[in-house]
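Here the structure comes first, spelled out in structure tokens, and everything after it is commentary.
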Amino acid sequence: MLTVLAALGITFALSLVMTPVVRAVARKTGFVAKPRADRWHSKPTALMGGVGIYLSFIVCFVVLYSRGIIPRGALLVIGASSMAVLGFVDDIVQLRPYAKLVAQIVAAIVLTAFGATLQWTPWAPINQAITVVWLVGVTNAMNLLDNIDGLSSGIGVIAALFMAYFFYASGHVGDAVMLATFAGALLGFLVYNFNPASIFMGDSGSLFIGYFLGGAALYHPAGTGQNRLFSMLAAPVLILAIPILDTTLVTITRKLHGRPISQGGRDHTSHRLVALGLSERGATVTLYLMAVVAGLIGVVAWKAPVAVSAGIVPLFLIATLFVTSYLGRVKVYAPVTNEAAVEGRAVVPTMVNFNYKRRIVEVMLDFAIIVLAAYSAFLLRFDGQLPEPEWTQFRKAMPIVVSVQITAFLAMRMYGGAWRYTSLADVRRMFASCFVGMLGTVAAIALAFGGLEGFSRGAFVVQGLLLFLGVGSTRVAFRIMRDYFVSRRDQQKKTRVLIYGAGDAGELLLRELRNNDALGLHPVGFVDDDPRKVGDVIHGLQVFSSQGMDKVVRDLAIREVLLSTARVEEERFATVDRLCADMEVKLRRARFELH
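Take the sequence shown: its letters are residues 0 to 594, numbered as in numbering that gives the first Met the number 0.
Spelled out as structure tokens, the structure:
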């Protein structure tokens, strides 16, 4: 462990020194990234950060490799070095996308030709082809991820440290030292690359990082026994989940909108988080946390019994699907004014009336949740194991469970609602649907098999509860994310308002103000005449007494007061009107009318 930590610390210190030197050279030679409409930065920023990362790493690697501390990896480093050179040339002369792709494929083929492949199938040629796609994909994913200050380098550090843990825990200390050395080089650069960045890595850094991490995953130590295949499949993908997620999202959305995938833009995961209201640092840290969670799930896939991993990993994938789906709905593209420009390339026009497709997706999602809930129920009932008799039970029951419960959902009108407006009535319907589905499942299995002999009654009850939790979470997830991001939006340019009246009309007005950015109003609190409501909190906003409204207006820097109710006595209204006039605060009355 001391060797691993020493390698991390020494390379980190070297990178801390090397990066400012490279930055100074870049500025002196004019090697800077200038602001562009499709890029995020707003001022000229030094490039060549990738050179600093590479030099810091390669110096330490050569020393450690020559002394036998790092026993292997020379071929991987040579391939990654070729990507660093390719990226450096691209930073200077802007190579065509196909030229870079060809070079990446060649570098991937060379590495796989020497036996470094993902052992995902029993057939070597297929494994080699999969590995080439993997290497090229991860290389470009890290390149695309370099779209906001500190993101690509930070995710690279997290991925490298998780890989170092895998190697160290499996006894491959030399490989752990190599990954720690790599993480140290990135960490030193991250000090200068985190928002606000004073230097960018450029393609020389992102291509180097992507190829190295993708290649290091080829040496991933598999689990043992039944867990071997599952860990080989899941762990590398989970460790690099964020770049894979970002690339998938960008590829799909650009294709849907008729935009070239290789074209730059402000449509990445990080940009969408900022558009939802997070700061640049907040978006970056959010993705860091997601990467850590994905890495921890990867550890579970590697260490836990395959029966447990097979339940946890799909749950994480469903959660990731929801986050991706929500981010994909964020409007980041300007409206198309020239349809001819995207004719034949955009898929959006064919998806205008897609409600029926959405229902199909909902049914498929519920299918997955039903199976996952049943599987988890059996695991919980039998202490995390599924011996052959219980596994036979599970396989026998699943066709009936899925058929009956999907039918119950259809009969109870579970499909057709807008999830972002999920209400308490919808939650009650979900509970009723799951309860009916559970009872129907028990009855159907009893009829089909002449009783419940050999089946666990407790597993059916647990499955019903887990099913309610699963379908409830999916339906409520969009609303939770929507409410969270609405509360996080940058309100600096909006007028701060106080809502007079903390009743139903006030709550309705609050939701309208938060959901309608066009109004340009930022609610910061309530006041009410009813002393019983004082101190209550409504959707995160405190209710103050109207008797001390002048102090509330001053303390909260209020610019407008909105009357949410018409049930205000004329005398009281006149008092509030005079108070607002004296404090130069505008008073308006909200009206909800039907015409």
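Heads up, the beta-carbon is just placed ideally off N, CA and C, and yes, glycines get one too. Being a predicted model, the structure only gives us computed values, none of them experimental.
Cβ shell of residue i (< 6 Å), same chain only, five flanking positions each side left out
i: F199; result: A32, T44, L46, G48
i: D528; result: S545
i: G173; result: I69, P70
i: G224; result: Reliability of the predicted coordinates at G224 is poor, the pLDDT of 43 falling under 50, and the value obtained from them is presented with this limitation in mind. Answer for G224: no residue qualifies.
i: M413; result: S432
Three-state class that DSSP yields for residue i in the structure shown
i: D527; result: strand
i: A45; result: strand
i: G532; result: According to the sequence as given, residue 532 is Lys; it is not Gly. K532 falls in the coil class under three-state DSSP.
i: R478; result: helix
i: I198; result: strand
i: I359; result: helix
i: I108; result: helix
i: I68; result: coil
i: I537; result: strand
i: F454; result: coil
i: A417; result: coil
i: F377; result: helix
i: A556; result: coil
i: G436; result: helix
i: E569; result: helix
i: M548; result: helix
i: S203; result: helix
i: H270; result: helix
i: T331; result: According to the sequence displayed, residue 331 carries Val and not Thr. Of the three classes helix, strand and coil, the one that applies to V331 here is coil, per DSSP.
i: L275; result: coil
Beta-bridge partners of residue i, as assigned by DSSP
i: Y499; result: V526, L562
i: A32; result: T44
i: F543; result: V526
i: R587; result: L561
i: T494; result: L520
i: I52; result: Paired residues: none, contrary to the question.
Close Cβ partners of residue i (< 7 Å) along its chain, the five nearest in sequence each way excluded
i: F477; result: Y325, W418, R419
i: F377; result: L385, E389, F393, A458
i: A306; result: L378, G383, Q384, L385
i: R588; result: L562
i: V346; result: Unreliable positioning characterises V346 in this predicted model, as indicated by a pLDDT of 47, which lies under 50. The coordinate reading is nonetheless provided below. Excluding positions up to five away in sequence, the list reads K254, L255.
i: H521; result: Q490, K493, T494, R495, V496
i: E279; result: I147, D148, N194, V273
i: T138; result: M82, Q103, L206, G209, Y210, G213
i: A79; result: F207, Y210, F211, G214
i: D581; result: none
i: G471; result: V426, M429
Endpoints, beta strand (DSSP E) assigned at residue i
i: L518; result: L518 -> no beta strand (DSSP E), and no H or E assigned at all.
8 Å CB neighbourhood of residue i in its chain, flanking five on each side removed
i: V20; result: G51
i: F591; result: A504, L507
i: G136; result: G213, I243, T246
i: C59; result: A6, I9, T10, L13, T180, G183, A184
i: A606; result: Lying outside 0 to 594, the shown extent of the chain, residue 606 is not represented and no answer is given.
i: E559; result: T494, R495, V496, L497, L520, V584, K585, L586, R587
Residue i vs residue j beta-carbon contact at 7 Å
i: A233; j: A300; result: yes
i: A443; j: I479; result: no
i: A293; j: A240; result: yes
i: G155; j: L185; result: yes
i: K493; j: G519; result: yes
i: L512; j: F525; result: no
i: A159; j: L178; result: yes
i: L371; j: P304; result: no
i: L248; j: T323; result: yes
i: I296; j: F321; result: no
i: Y287; j: G153; result: yes
i: I238; j: F161; result: yes
i: D365; j: D202; result: no
i: V329; j: R271; result: yes
i: V542; j: V533; result: yes
i: G469; j: I368; result: yes
Where the alpha helix (DSSP H) containing residue i begins and where it ends
i: S152; result: 150-168
i: L185; result: 172-192
i: V305; result: 305-327
i: Q404; result: 387-410
i: S81; result: 73-92
i: T116; result: Run containing T116: none; DSSP gives neither H nor E here.
i: N142; result: 123-144
i: G281; result: 279-302
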